[in-house]
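Asks:
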Amino acid sequence: MRTMLVGVMVVLSLFAAQLVRLQGLDAASVSAAAVNGRLEVRAIPAERGTITDVSGAELAVSVERRRIVADPTLVEDYTLKDDEGEVVAEGFAAAAQVVSEVTGADEGPILEALTDPPGEKYTVLVKDVSPQTWQELRARGVRGVSAENVMRRDYPLGEAAAPLVGWMGAGEMPAGGIELVHHDDLTGAPGEAVFEVGSSGERISTGLYQEDPAVPGQDVRLSIDADLQWYAYDAIRERVKDAGALRGYAVVQEVSTGRIVALASYPGFDPADDTQTSEDMRNAAIEDVYEPGSTAKLITAAAAVEEGLVERDTPVEVPVSLPRGGTSFRDVEPHPVQHLTFAGVIAKSSNMGTILVGEKLGEQKLYDWIRKFGLGSPVGHGLPGESAGLVPQPGTAGWSDTTQYTLMFGQGYSGSFLQQVSVFQTIANDGTRLTPSFIQGTVDEEGRYAELPLPTGTRVVSKETADTLTEIMQQIPATGGTAPLAAVDGYHVAGKTSTADRFDETKGGYSGVTSSFIGFAPADDPKYVVGVAVQRPTKIHRFGGIIAGPVFSSVMRYALQKEGVEPAEGPPLEVPLEYDPAKKAPGQGSGVTLGDIAIKDEGRR
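Residues in the sequence shown are numbered consecutively from 1, following the UniProt record's numbering.
1. In whole angstroms, what is the alpha-carbon distance linking D106 and E90?
2. Please state the DSSP three-state secondary structure of T458.
3. By DSSP's criteria, Q338 is part of a beta bridge. Which residues make up the other side?
4. Using 8 Å for Cβ pairs, my map puts P267 next to R247. What's the rounded Cβ distance?
5. Please report the straight-line C-alpha distance between Y249 and P550, rounded to a whole angstrom.
6. Residues bridged to N149 by DSSP?
7. Within 10 angstroms of the Cβ of A139, are there 16 or more other Cβ atoms? Answer buried if so, exposed if not.
8. Could you give the distance in angstroms between the alpha-carbon of V6 and the alpha-carbon of Q23?
9. Exposed or buried, D212, counting other C-beta atoms within 10 Å across all chains shown (16 or more means buried)?
10. Suppose you measure from the CA of A60 to the CA of T52; what does that come to, to the nearest Å?
11. When burial is assigned at 16 or more other CB atoms within 10 Å of the CB, is H182 buried or exposed?
12. Could you tell me the alpha carbon to alpha carbon distance between P571 and H492, rounded to whole angstroms?
13. Does the separation of the CB atoms of V513 and R557 fall below 7 Å?
14. Can you name the residues that DSSP bridges to K81?
15. Would you decide whether V87 is buried or exposed? Buried here means 16 or more other CB atoms lie within 10 Å of its CB.
16. Compute the Euclidean distance between the alpha carbons of G415 and D219, then round it to the nearest angstrom.
17. Using a Cβ distance threshold of 8 Å, determine whether the region 521 to 539 contacts the region 320 to 338, with at least three qualifying pairs required.
18. Just the Cα atoms here: how many angstroms apart are D227 and V54?
19. Less than 7 Å between the beta carbons of G481 and A397, yes or no?
20. Judging by CA-CA distance, which residue of Q393, A147, G531, G389 is the nearest neighbour of T295?
21. Per the DSSP calculation, T497 is bridged to which residue(s)?
22. Near K539, what residues of its chain come up, given a Cβ to Cβ distance below 6 Å and the 5 sequence neighbours on each side ignored?
23. So which of E192, L309, L340, G169 has the shortest CA-CA distance to D580?
24. F409 and K297 look like a contact to me (Cβ under 8 Å); what is the Cβ gap, rounded to whole Å?
25. Determine the direct distance from the alpha carbon of V194 to that of Y209, and round the result to whole angstroms.
26. Return the chain-ordered ranges of every alpha helix (DSSP H) run that is complete within the region 504 to 590 and spans a minimum of 4 residues.
27. Contact between the region 419 to 439 and the region 454 to 468: three or more CB pairs below 8 Å?
28. Mind reading off the beta-carbon distance from V529 to A235? Whole number of angstroms is fine, and I expect it under 8 Å.
29. Just grab the DSSP bridge partners of F409 for me.
30. Indicate whether L157 and V102 have their beta-carbon atoms separated by less than 7 Å.
31. Three-state secondary structure (DSSP) at G293?
32. Taking contact to mean at least 3 C-beta pairs separated by less than 8 Å, is the region 117 to 124 in contact with the region 68 to 80?
33. Which word fits E306, buried or exposed, when buried means at least 16 other C-beta atoms lie within 10 angstroms of its C-beta?
34. So I224 and L180 are supposed to be a Cβ contact under 8 Å. How far apart are they, rounded?
35. Are T300 and G374 closer than 7 Å when you measure CB to CB?
36. Please report how far the alpha carbon of A343 lies from the alpha carbon of S498, in whole angstroms.
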């Protein structure tokens with residue numbers, strides 16, 4: 001008994017000594033070690049800046065969500081019981097069943113995440129659920145299952161604005177559009193939270209908690225009008241479907257600022273669908289490059305007027321056919337000799353008449369004027385995927401015997417849709433070209449809004465030349481022009497049609513057409529440029545005035561009325577499109593030599 005007593009006393013003495021050490025001498029270090037063993041560090045995601053339209057409507061916004069995760073080493077001891085307390089499932093199978101019931105996710109992948117590979121202490125069960133769903137799952141008390149705060153990017157306009165706004169790709173990295181271009185502005189700084197957890201992975205509410213808050217990214221405000229964007233998208237979508245076309249684009253640009261208020265293309269894509277390929281997720285309205293066709297006659301016309309070669313009413317005698325460069329040019333619709341004014345050449349979209357006017361410029365000067373209007377150079381709007389297009393230069397391998405003539409009516413060189421629209425913005429803006437832009441301003445984390453300054457612009461032609469071309473183009477959406485369906489009731493419209501042969505790279509040759517109409521209104525004080533282009537229509541008459549004209553009319557009307565632009569008070573300006581050859585004589589009117597000299601020169605050849 002004495003031996004046993006001594007032994008117990010020795011043991012108790014050791015225990016006492018250990019208690020003195022733990023609670024007295026080493027209390028602080030032991031306590032800290034215990035706390036550290038319970039600490040968990042989690043990142044606090046930074047809210048990505050919001051992309052809004054010009055009025056603040058959300059186009060891309062970060063939404064708080066939850067990622068369901070688990071520690072499988074804890075989950076394997078979980079037991080699922082029914083209302084009567086009977087065990088119905090155990091371990092991983094029980095946890096997978098509960099998580100599936102609450103979140104709606106498939107049970108199979110959840111079970112696989114818990115079991116493969118074995119021994120892991122962290123796995124993701126469900127990537128994205130609402131905070132409410134997590135609270136419901138949390139109430140089920142599945143041991144070892146927890147949630148992480150995550151941010152999901154939502155796009156309220158869906159595919160209507162997706163190519164422009166962009167989307168978030170793998171690894172939460174931007175993959176296109178404004179999301180990519182302004183990634184640094186939109187990205188915030190993540191924070192960090194440190195807290196104590198219990199044996200089942202739950203946070204100890206009375207334990208240590210320290211937080212370094214996240215800093216949200218800046219908001220970016222676009223010049224896009226969300227209502228107009230949706231309207232333009234819906235209009236071009238329906239037209240592409242009705243026409244059995246490959247694709248189509250519609251753009252609305254503010255004349256005085258160069259800012260884009262709508263940029264739509266169809267087919268589009270859902271920016272929230274991560275199953276799509278990057279090939280399908282593109283901005284066709286700025287990436288596609290094609291031969292513009294007759295809308296480019298505006299460049300030839302502007303150059304000829306600015307150079308003093310013609311005036312609005314200059315007579316141009318258009319023959320039945322016109323031999324040039326080893327081939328014979330004709331207009332789209334056969335006709336006898338026509339006696340057109342210069343205005344009539346443009347209004348009726350005569351290829352031969354345009355050649356008779358444009359060839360007086362000469363090869364180099366024609367090339368220089370095409371470049372002055374921005375063709376062959378990037379527009380400079382800053383979005384990814386933009387192409388400069390291709391404009392052959394005189395004296396190079398790309399310049400053939402017929403290139404000089406085809407360039408005059410928009411074939412033989414290529415450009416983007418936005419480049420074509422920019423030509424019309426230049427004329428509508430009294431001859432000054434402005435770089436198309438999409439950004440209105442930015443909002444920092446303090447809520448301070450800073451608007452981007454407007455560009456100064458580049459003078460391309462004089463105001464007088466721009467006024468002359470505007471007068472001419474007002475005849476095109478009129479009864480005698482090529483696009484009466486592009487007229488807008490109550491407003492004076494100036495614009496131009498195009499039906500261009502379309503080069504198909506997959507076939508290695510021309511196949512189908514590009515049908516388009518680009519114009520601006522009100523003609524006397526332009527507010528908007530609207531461009532519409534449809535690629536390879538198959539079910540409706542292919543002419544641009546018929547295919548694209550009605551869409552232009554609808555979108556322009558909506559834009560003008562939404563902005564509250566007052567209708568015109570009187571009828572649109574009418575100018576003569578034809579002349580009477582029996583009444584013309586040298587020295588009368590605005591001149592008679594152009595057509596006569598061209599035909600006589602051709603006769604001598």
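Note that CB positions come from ideal geometry on N, CA and C, so glycine has one too.
Replies: The answer reads as follows:
1. 18 Å
2. strand
3. Residue pairing by DSSP puts Q338 in a beta bridge opposite V318.
4. Rounded, the Cβ-Cβ distance is 6 Å, consistent with contact.
5. The alpha-carbon atoms of Y249 and P550 are separated by roughly 14 Å.
6. R66
7. Using a 10 angstroms sphere on the CB of A139, the tally of other CB atoms stays under 16, which defines it as exposed.
8. Computed Cα separation, rounded: 25 Å.
9. exposed
10. C-alpha separation (whole angstroms): 7 Å.
11. buried
12. 8 Å
13. no
14. Bridge partners of K81: V87.
15. exposed
16. When rounded, the distance between both Cα atoms is 32 Å.
17. no
18. 11 Å
19. Against a cut-off of 7 Å, the Cβ pair of A397 and G481 comes out as no contact.
20. G531
21. F517
22. A243, G244
23. L340
24. The pair is a contact, with the Cβ atoms about 6 Å apart (cut-off 8 Å).
25. Cα to Cα, Y209 sits roughly 6 Å from V194.
26. 544 to 547, 549 to 563
27. yes
28. Here V529 is actually not in contact with A235; their C-beta atoms are around 16 Å apart, not less than 8 Å.
29. Paired residue(s): none; F409 is not in a bridge.
30. Contact: no.
31. helix
32. yes
33. buried
34. Going by Cβ atoms, the distance from I224 to L180 rounds to 16 Å, so no, they are not a contact pair.
35. no
36. 16 Å
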